[in-house]
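Residue numbers (UniProt numbering): 1 to 291.
Before any comments, here is the structure.
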């Protein structure tokens with residue numbers, strides 16, 4: 001389970017359940033946390049320590065999809081300060097926790113038809129590179145939000161639905177020695193080439209978001225399309241983990257986005273409707289995960 005900011009009722013409810021939590025730090029908190037370790041100490045002491053004592057947290061995710069954007073300049077400082085506080089305080093429930101952040105396609109000069117040509121955009125590269133180096137030095141993975149839906153939504157004439165939904169019958173993109181039958185693999189490999197272009201090799205990856213909306217965008221989002229994507233995504237990562245470029249051992253985990261529809265997101269493009277469940281906790285469609 002992933003939360004994008006600490007939610008005390010949720011944190012308390014997870015104690016002793018055995019459910020792993022990916023704990024997020026909200027983007028608006030980054031400037032203060034980058035400013036001082038004292039601010040990070042206060043964040044832990046007020047938002048985390050009183051509510052957690054028996055929850056496994058594999059990753060603390062400092063910011064989500066921060067780059068490009070005005071908060072990008074604070075990201076490295078915040079990551080370093082959180083890491084330093086973890087090293088010093090040695091919280092019992094955070095002994096094996098890695099500190100990282102999550103990137104999305106907005107940070108890339110995307111060449112989906114040739115993933116090997118992908119790089120980080122000029123605005124992001126000088127900020128992303130030292131972050132990737134820091135993660136590598138601390139044995140932490142980079143988290144990637146991989147949502148082929150948006151690539152198809154904005155470019156349907158070239159990135160067809162079958163390529164995005166894992167239903168293409170044969171190779172769609174041939175990039176040198178690598179053959180791509182789905183947009184998910186091409187996107188992950190585009191990130192991998194961008195990371196290597198930044199001078200970092202061998203960094204582990206976690207796919208922190210992947211999903212499809214069930215409403216909100218006629219011709220692009222429906223319960224049937226969402227069910228198709230989730231079923232095929234799960235089948236793909238279970239039966240053939242890894243990508244043409246990235247071996248299975250370097251992708252540590254895959255997550256579904258999202259568990260519940262988010263009413264605070266805009267309805268346009270389907271942003272609000274990625275949930276497997278609605279606000280009443282009932283399934284939005286049959287994807288084989290619920291009885």
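Even glycine gets a Cβ: it sits at the ideal position worked out from N, Cα and C.
Note that the structure is a prediction, hence the values are computed from the model and not measured.
Element boundaries [alpha helix (DSSP H), containing residue i]
i: residue 83; result: 72-89
i: residue 228; result: 223-239
i: residue 129; result: 125-137
i: residue 187; result: 183-197
i: residue 161; result: 161-164
i: residue 151; result: 148-154
Candidates the options, of which the one nearest residue i by Cα
i: residue 259; options: 253, 268 and 280; result: 280
i: residue 58; options: 86, 36 and 80; result: 86
i: residue 43; options: 147, 209, 162 and 8; result: 8
i: residue 76; options: 107, 128 and 29; result: 128
i: residue 286; options: 198, 108, 229 and 29; result: 229
i: residue 21; options: 108, 186, 282 and 98; result: 98
i: residue 36; options: 80, 257 and 133; result: 80
Secondary structure of residue i, DSSP reduced to three states
i: residue 285; result: coil
i: residue 174; result: strand
i: residue 114; result: coil
i: residue 253; result: strand
i: residue 268; result: helix
i: residue 5; result: coil
N- and C-terminal bounds of the beta strand (DSSP E) containing residue i
i: residue 142; result: 142-145
i: residue 47; result: Segment 37-47 is the alpha helix (DSSP H) holding residue 47; no beta strand (DSSP E) there.
i: residue 24; result: 22-25
i: residue 96; result: From DSSP, residue 96 is part of no beta strand (DSSP E); its letter is neither H nor E.
Cβ separation of residue i and residue j, assumed to be a contact under 8 Å, to the nearest whole Å
i: residue 207; j: residue 246; result: The Cβ separation is near 10 Å, so there is no contact.
I want to know whether the stretch 190-205 touches the stretch 137-150 - three or more CB-CB distances under 8 Å. Using a Cβ-Cβ distance cut-off of 8 Å, the stretch 190-205 and the stretch 137-150 are in contact, since at least three pairs of beta carbons, one from each stretch, lie closer than that value.
For the stretch 171-181 and the stretch 120-129, state whether three or more C-beta atom pairs, one from each stretch, are separated by less than 8 Å.
-> With a cut-off of 8 Å, the stretch 120-129 and the stretch 171-181 do not count as touching, because too few Cβ pairs lie within range.
Open item on the list: Measuring CB atoms only, is the stretch 108-115 touching the stretch 55-66, in the sense that at least three cross pairs come out at less than 8 Å?
Closed with: No: the two stretches stay apart, fewer than three of their Cβ pairs being nearer than 8 Å.
With three or more C-beta pairs closer than 8 Å as the rule, is the stretch 88-96 touching the stretch 44-59? Touching, yes.
Legend entry - Validate contact between the stretch 155-162 and the stretch 68-76 using beta carbons, cut 8 Å, 3 pairs: As far as the Cβ criterion goes, the stretch 155-162 does not touch the stretch 68-76, which means the pair count is below three.
Do the stretch 264-279 and the stretch 215-226 touch if we need at least three Cβ pairs shorter than 8 Å?
The stretch 264-279 makes contact with the stretch 215-226, as at least three CB pairs between them are under 8 Å.
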